Amino acid sequence: MSAKPAVERRAFVARLMRAIPDALVVTGLGSPAYDVFAAGDRDANFYLWGAMGGAAPMGLGLALAQPRKPVVVITGDGEMLMGMGSLATVGAQRPGNLTIVVLDNGHYGETGMQPSHTSLGTSLVAVARGCGIEDAFAVDRLEGADAVAQRVNARGGTAFAVVTIAAEEPPRALPARDGVYLKNRFRAKLGLPPF
Amino acid sequence: MGSEVAQWQEDLYRVLKDGGIGQVAYVPDAGHAHLIRRVQADPEIRDIVLTTEEEGVAVAAGAWLGGQRAVLLMQSSGVGNCVNMFSLLSSCRFPFLALVTMRGEYAEFNPWQEAMGRGSQDAMELMGIAVHRVSEPEAVAEVAGAALDAAFLAGDRVAVLLSQSMLGRKKWERR
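Order-wise, the sequence lines are chains W and B. All residue numbers for the first sequence refer to this note's numbering, where the first residue is 6 and numbers rise by one. All residue numbers for the second sequence refer to this note's numbering, where the first residue is 59 and numbers rise by one.
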């Protein structure tokens, strides 16, 4: 494969997170969670440590419940591939306040950098468009974070960005793994009580 | 079709409505058809059609994060599709309510429904979900209401299995 331009993942996520201070963020498991945590922990971040394939539909349920808040899903290509059907589910709802960002290194980074389907022929941008998410686009420059942030903050339609990142493994930055804690602090941030 | 709707199917809508459900995620089933139509016609409830049932587990968790109550509708064959996603519920203790129409247990024509139909209750219980079974139409509202309360007042994970016998025999021959 010819070398495609690739963005440094930590720098991209840090730039995006700085520009979307009001966003509610759900991350897919693995490196995207570490990237978001490394950019600065926030109560309005919900880090998945499992439930692979669940990040996008979780973001959908959250976006529908909180229509006045921007909701961002930040996940990886492997996690998005496992929940690819959920793009059709998102495409059927198209909440204006949902943005899905896929950090695509074309590999399963957590398990030994085996090539994923996005290295082997799948275009997630094409999949998303095919599912009715018209504002689906590829990003291959660090500055592309600004265009993603603009869409997040505008809440003007469901957006889907696939960011070509280098297949690097930056130092691990591990967020809390206690799901009950993550859930309750997230809800408290929204003024919601425990049950 | 309207004349064929059983009262328990309308009862389920009332339970969800009175219980403040804001999102109904589903993979369709004939047994849920009336409830889905009612939800689609209700501007206060968002209906979310899924490609696979496990998406609905995550949708329900996301809804709760955002302060809304959600329910997942599916048939028994969908339970198996959810198994790993159920870990999201126990890891974070998300409230969860599923209404499951059963196949493979009563006057079933299609033997391919048997395996997952027979495994549904065990699969859910193995993953930490409390299961209530209903076989009497008159009991549907009471049991579903109790399950809804357990989910959203006690934060429990609950499924109501609706027996195939309540749906009657499916007519397989078309003329």
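Every residue gets a Cβ at the ideal spot worked out from N, C-alpha and C, and that includes glycine. Because the structure is a prediction, the values reported are computed rather than measured.
CB contact below 8 Å: residue i versus chain W
| i | result |
| --- | --- |
| residue 153 of chain B | yes |
| residue 113 of chain B | yes |
| residue 60 of chain B | Because the pLDDT at residue 60 of chain B is just 45, under 50, the model does not fix this residue reliably, and the value given afterwards should be weighed accordingly. By this cut-off, residue 60 of chain B is not an interface position. |
| residue 140 of chain B | no |
| residue 223 of chain B | no |
| residue 167 of chain B | no |
| residue 206 of chain B | no |
| residue 109 of chain B | yes |
Residue i and residue j closer than 8 Å at C-beta
| i | j | result |
| --- | --- | --- |
| residue 11 of chain W | residue 157 of chain W | no |
| residue 109 of chain W | residue 169 of chain W | yes |
| residue 61 of chain W | residue 78 of chain W | yes |
| residue 121 of chain B | residue 66 of chain W | yes |
CB contact check: residue i to chain B, cutoff 8 Å
| i | result |
| --- | --- |
| residue 51 of chain W | yes |
| residue 73 of chain W | no |
| residue 103 of chain W | no |
| residue 165 of chain W | no |
| residue 77 of chain W | no |
| residue 85 of chain W | no |
| residue 98 of chain W | yes |
| residue 171 of chain W | no |
| residue 123 of chain W | no |
Assigned secondary structure, residue i (DSSP; H/G/I helix, E/B strand, else coil)
| i | result |
| --- | --- |
| residue 127 of chain B | strand |
| residue 83 of chain B | strand |
| residue 18 of chain W | helix |
| residue 60 of chain B | Bear in mind that the predicted position of residue 60 of chain B carries a pLDDT of just 45, short of 50, making it unreliable; the figure below should be weighed with that in mind. Residue 60 of chain B falls in the helix class under three-state DSSP. |
| residue 190 of chain W | helix |
| residue 98 of chain B | helix |
| residue 86 of chain W | helix |
| residue 179 of chain B | helix |
| residue 184 of chain B | helix |
| residue 151 of chain W | helix |
Residue i: CB within 7 Å of a non-hydrogen atom of the ligand NAD
| i | result |
| --- | --- |
| residue 195 of chain W | Annotation note on the ligand NAD: not contained in the displayed structure, which lists no ligands. |
Bridge-paired residues (DSSP) for residue i
| i | result |
| --- | --- |
| residue 3 of chain W | As displayed, chain W neither begins before 6 nor continues past 200, which places residue 3 of chain W out of reach and without an answer. |
| residue 198 of chain B | Answer is none; residue 198 of chain B lacks a bridge partner. |
| residue 133 of chain B | B/159 |
| residue 92 of chain B | DSSP lists no partner for residue 92 of chain B. |
| residue 94 of chain W | BP columns for residue 94 of chain W are empty, so no partner. |
| residue 25 of chain W | For residue 25 of chain W, which the question treats as bridged, DSSP gives no partner whatsoever. |
| residue 132 of chain W | Beta-bridge pairing links residue 132 of chain W to no other residue. |
| residue 105 of chain B | B/82 |
| residue 191 of chain B | B/219 |
Terminal residues of the alpha helix (DSSP H) in which residue i lies
| i | result |
| --- | --- |
| residue 215 of chain B | Note, residue 215 of chain B: premise wrong, no alpha helix (DSSP H); beta strand (DSSP E) at 215-220. |
| residue 52 of chain W | Segment 50-52 is the beta strand (DSSP E) holding residue 52 of chain W; no alpha helix (DSSP H) there. |
| residue 4 of chain W | This structure cannot settle anything about residue 4 of chain W, because the visible part of chain W is limited to 6 through 200. |
N- and C-terminal bounds of the beta strand (DSSP E) containing residue i
| i | result |
| --- | --- |
| residue 78 of chain W | 76-81 |
| residue 2 of chain W | Nothing can be reported for residue 2 of chain W, as the shown portion of chain W is limited to 6 through 200. |
| residue 76 of chain B | No beta strand (DSSP E) holds residue 76 of chain B; the alpha helix (DSSP H) holding it covers 65-76. |
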